[in-house]
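Number of protein chains: 2
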Amino acid sequence: MNNSLSEKVGIVGIGHAKFGKRSDTTIRELAHEAAIPALEDAGNCADKIDAVVVGVAGDEFAGQGSSGAVINDYVGMAGKPMFRVEAACATGSAAVRAGWALIKSKLASVVLVIGAETMTQVSSARAQELMARAGDTRWEYPFGVTFPSYYALMATAHMHRYGTTREQLSMVSVKNHKYGALNPYAHLQREVTLEEAMKSVMICQPLNLYDCCLISDGAAAVVMANEENARKLSDTPVWLNALGAASGEMMISERHDLTSIAASRIAAEQAYKMANITPADVDVAVVHDCFTIAEIIAYEALGFCTPGEGGKLIQEGQTYIGGKIPVNVDGGLKAKGHPLGATGVSMTVEIVRQLRGEAGSRQVGDAEVGLSHNIGETGQYCFVHIYTR
Amino acid sequence: MNNSLSEKVGIVGIGHAKFGKRSDTTIRELAHEAAIPALEDAGNCADKIDAVVVGVAGDEFAGQGSSGAVINDYVGMAGKPMFRVEAACATGSAAVRAGWALIKSKLASVVLVIGAETMTQVSSARAQELMARAGDTRWEYPFGVTFPSYYALMATAHMHRYGTTREQLSMVSVKNHKYGALNPYAHLQREVTLEEAMKSVMICQPLNLYDCCLISDGAAAVVMANEENARKLSDTPVWLNALGAASGEMMISERHDLTSIAASRIAAEQAYKMANITPADVDVAVVHDCFTIAEIIAYEALGFCTPGEGGKLIQEGQTYIGGKIPVNVDGGLKAKGHPLGATGVSMTVEIVRQLRGEAGSRQVGDAEVGLSHNIGETGQYCFVHIYTR
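Structure follows, in structure tokens:
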């Protein structure tokens, strides 16, 4: 793989809090649970950190304004340059992107990136309201649109145009639960059968309960470093070689096509070009499966299959380990959970684990190239990262 | 001035919405009011923008979750890579820092940075609660600490140790109102007499009403570009040559000294070192005067005088135009207003105006080197930028 930029950025430490309903803890403690292992993993480099980026999507969930400051202090980083990054459900990946930019710009040489969110400490109704308020509060939210309904529109359009089936949606859920059961950090660590997934309660036609990701608390952290420091701090740095990003129209009513998310395609093209690879070169991927249809649409945007063939890809089992392109073998948002600010950083953690060969029973054999894909809202944000070992 | 980094980052476009109680508008419209003039000022370069950074401090003020997406779409930037940056009251400067990093990292070549906040569309009590919640909600907020009381502690300590007087605090207010009266974008465009400022209602001993900045709506925007594009897009680029940043302990009870803010000193030292200049080289500065005492403490942190001499500096008139170092000649947070996410970007706009020689009746003669200083909370964040023409 060629990298047109001269100096590489390595990921040298990873940490991951247990995702779940963490009523035992607070956002600062969750962040700590992820950040300290990440610093230890990176050769106990706390004193070498010269910038911190915190990803938290919504201060309202934890009731703490400007929560980056609380987290930064609690993990022992008071004094260091720090800001918070937010990009809705893609907050964590935006934070990793900002960390990469700080290093490449030489404003920093070793950066701690923390993503965290506590979502279960408000009522379920309040959590749903806060998420829905990330939709347009002038023109969509007041009319009752919520995220399940946005993605239900996409599922309906995809089924209509391409013949994607209800069963194929459930197959995504079955796969992600299978791998979630093997991931000790996952919120739900149990398998579901296709029958269970098919028969669960309807949330928003055609999406049922098992098509929807979880409302979780959680945190994840990574330590990133410039090439010189990366080689010093780790024997197994994973290089973040290429980054793509794009945004999309605010209102779903402005979109020309509901069967795809344009920002995903644009961000993927940028990343592949920067990495100088094709989709076929990717050995393992984590994609944004906030709803099962989102994973199918992501397969297509990322070029793992052609548009309309996503349903077939899961039906053929091609996104399982051993298939053409294993996807979300950490359980995905669906089973691992989706604490908004943590998700993107957790994706990076999973790819690093896979490229290091440390994923245990979920290991993709001989993984050399990894990809993470993280969407905010319905594609108002998208970030694609490509990693190599 | 020497810059150790090879390629410069220029500011090539500025735009500023009218700060004030803007009940006529929404956050997206305020952002538009700033962003479109900035794009026009930068040679109508909307099509050249390849990244957007949005600074909004608190989604709760506008009731719009993930407000970057709404703003990005409304100013016509859907499609472009975008994320939001937040650093409490220093959000705008953190956004400028992120924009600089995106350019230097070569992830982008021309970046639109927008800072915006609507604070008057919730009740005054709610606005105060939201701001107070940026303090530690576990250990300080529950006991009734608000930002006037944090800064009142600093004022009391400064008066006790250095003999700073009530009158000197009011002199800061008189100066900033004098210049706010000359700034068409300022929230309060009227002068106050020293007597008025001294006699206003007590808010939190020793800080009275005229020691406190305003609760305002507003937005500001800048277009930043790499050197090649900066020279193409503008005949008068202003170079952002040096950036310093630091954070501080979360709780004021953890601070060793209440007469200064350590993060300010650290960030200033970094910036001066990177710019290879001394405080005496600065021709014009904007500093974080959320309370009058904060401006006095900033004089000292930035090296415009020695610690303890800040009160004397304003008393001698040295921070007026014509003095040793003109400070906040745009009215400062005190008279111009402090829409949280907008403030840091507005500071950059003011320095660009001054270095271009476009500040009209507020112009500092022959200004070549400018500095902006922006604090989040009570120093949990600080950003110092140094600019040259």
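Sequence order for the protein chains is A and B. Sequential numbering from 1 applies to the first sequence in this note's numbering. Sequential numbering from 1001 applies to the second sequence in this note's numbering. Here a beta-carbon is modelled for each residue, glycine too, at the ideal position from N, C-alpha and C.
**Message:** Along the region 1152-1164 of chain B, where does the CB come closer than 7 Å to a CB of chain A? Name the residues.
**Reply:** If the cut-off is 7 Å between Cβ atoms, the region 1152-1164 of chain B has nothing near chain A.
**Entirely enclosed beta strand (DSSP E) segments - the region 61-119 of chain A, minimum 3 residues** = 82-86 and 110-117
**Item:** Nonlocal neighbours in the same chain, by C-beta distance under 7 Å from B/Gln1128, ignoring five residues either side
**Value:** Cβ neighbours of B/Gln1128 within its own chain (closer than 7 Å, five residues either side excluded): Thr1146.
**Prompt:** Hey, A/Ala271 and A/Leu243 are a contact pair by Cβ (cut 8 Å); roughly how many whole angstroms apart?
**Reply:** 6 Å
**Asked** Hey, is B/Thr1146's beta-carbon within less than 7 Å of any beta-carbon in chain A?
**Response** no
**Inter-residue spacing [alpha-carbon to alpha-carbon] between A/Gly370 and B/Arg1190** = 59 Å
**Message:** So, for B/Gly1058: in the same chain, excluding its five sequence neighbours on each side, which residues have a beta-carbon less than 7 Å away from its beta-carbon?
**Reply:** Within the same chain, B/Gly1058 has close Cβ partners Leu1130 and Leu1340.
**Asked** In angstroms, rounded to a whole number, what distance separates the CA positions of A/Ala62 and B/Lys1199?
**Response** Cα to Cα, A/Ala62 sits roughly 40 Å from B/Lys1199.
**Message:** Could you compute how far the alpha carbon of B/Ala1197 sits from the alpha carbon of A/Cys382?
**Reply:** 50 Å
**Message:** Counting only beta-carbon separations shorter than 7 Å, does B/Glu1040 have a partner in chain A?
**Reply:** Between B/Glu1040 and chain A, the shortest Cβ-Cβ separation is not below 7 Å.
**Asked** Are B/Ala1155 and B/Thr1259 touching if we call contact CB-CB under 7 Å?
**Response** Their beta carbons are not under 7 Å apart, which means B/Ala1155 does not touch B/Thr1259 by this criterion.
**Message:** Just checking: is the beta-carbon of B/Val1070 within a distance shorter than 7 Å of some beta-carbon in chain A?
**Reply:** yes
**Contact list for the region 1116-1127 of chain B against chain A, Cβ threshold 8 Å** = none
**Item:** Given B/Glu1117 as reference, the closest of B/His1016, B/Ala1263 and B/Glu1368 once Cα atoms are compared
**Value:** B/His1016
**Request:** Write down the C-beta distance between B/Ala992 and B/Gly1055 rounded to the nearest angstrom, noting that I regard them as a contact closer than 8 Å.
**Result:** Given a span of 1001 to 1389 for chain B in the structure shown, any question on residue 992 of chain B remains unanswerable.
**Item:** Any chain B beta carbon closer than 7 Å to A/Leu102
**Value:** Look at A/Leu102: its C-beta is under 7 Å from a C-beta on chain B.
**Request:** Determine which residues share a DSSP beta bridge with B/His1373 and list them.
**Result:** B/Val1384
**Asked** So, is the C-beta of B/Pro1142 closer than 7 Å to a C-beta in chain A?
**Response** no
**Item:** chain B contact residues for A/Met77, given Cβ-Cβ distances below 9 Å
**Value:** In chain order: Ser1247.
**Message:** Strictly below 7 Å CB to CB, what residues from chain A border B/Pro1081?
**Reply:** Ala245, Ala246 and Ser247
**Asked** Just checking my contact of B/Leu1233 with B/Ala1042 at CB under 8 Å: how many whole Å lie between their CB atoms?
**Response** 5 Å
**Message:** Relative to the C-alpha of B/Asp1211, which candidate in B/Ser1264, B/Glu1195 and B/Val1096 has its C-alpha closest?
**Reply:** B/Glu1195
**Message:** Using 7 Å as the threshold, is the C-beta distance between A/Ala38 and A/Gly13 below it?
**Reply:** yes
**Request:** Leaving aside the five residues before and after B/Glu1332 along the sequence, list all residues of the same chain whose C-beta is less than 6 Å from its C-beta, in chain order.
**Result:** The question names Glu, but residue 1332 of chain B is Gly in the sequence shown. So the list reads Asn1176 and Asp1289, once near-sequence residues are dropped.
**Item:** Own chain, CB closer than 6 Å to A/Gly376, minus 5 neighbours either side, in chain order
**Value:** Within the same chain, A/Gly376 has close Cβ partners Ala87, Ala88, Cys89 and Ala90.
**Request:** Taking A/Tyr179 as the reference, give the member of A/Glu368, A/Val364, A/Gly308 and A/Ser372 with the closest Cα.
**Result:** A/Val364
**Message:** Along the chain, where does the alpha helix (DSSP H) containing B/Asn1241 start, and where does it finish?
**Reply:** That residue, B/Asn1241, is in no alpha helix (DSSP H); its beta strand (DSSP E) goes Val1238 to Ser1247.
**Item:** Proximity test, Cβ basis, 7 Å: B/Met1250 and chain A
**Value:** Output row for B/Met1250: interface = yes.
**Message:** Could you give the first and the last residue of the continuous beta strand (DSSP E) run that contains B/Gly1323?
**Reply:** That residue, B/Gly1323, is in no beta strand (DSSP E); it is neither H nor E in DSSP.
**Prompt:** Going by other Cβ atoms of all chains shown within 10 Å of its Cβ, with 16 needed for buried, is B/Gln1064 buried or exposed?
**Reply:** buried
**Request:** Say whether the region 1306-1317 of chain B touches the region 1157-1170 of chain B, bearing in mind that this needs 3 or more beta-carbon pairs closer than 8 Å, one atom from each stretch.
**Result:** yes
**Message:** Whole angstroms are fine: how far does the CA of B/Gly1020 sit from the CA of A/Met224?
**Reply:** 42 Å
**Request:** Write down the C-beta distance between A/Pro142 and A/Cys204 rounded to the nearest angstrom, noting that I regard them as a contact closer than 8 Å.
**Result:** Not quite, the Cβ-Cβ distance comes to about 18 Å (not below 8 Å), so this is no contact.
**Message:** Below 8 Å on C-beta distance, what does B/Leu1130 contact in chain A?
**Reply:** Gly65
**Request:** Kindly list the residues whose CB is nearer than 8 Å to the CB of A/Arg231, restricted to its own chain and excluding five residues on each side of it in sequence; keep chain order.
**Result:** Gly10 and Pro237
**Asked** Applying the criterion that 16 or more other CB atoms from any shown protein chain within 10 Å of the CB defines a buried residue, is A/His256 buried or exposed?
**Response** A/His256 is classed as exposed because its beta carbon has fewer than 16 other beta carbons within 10 Å across all chains shown.
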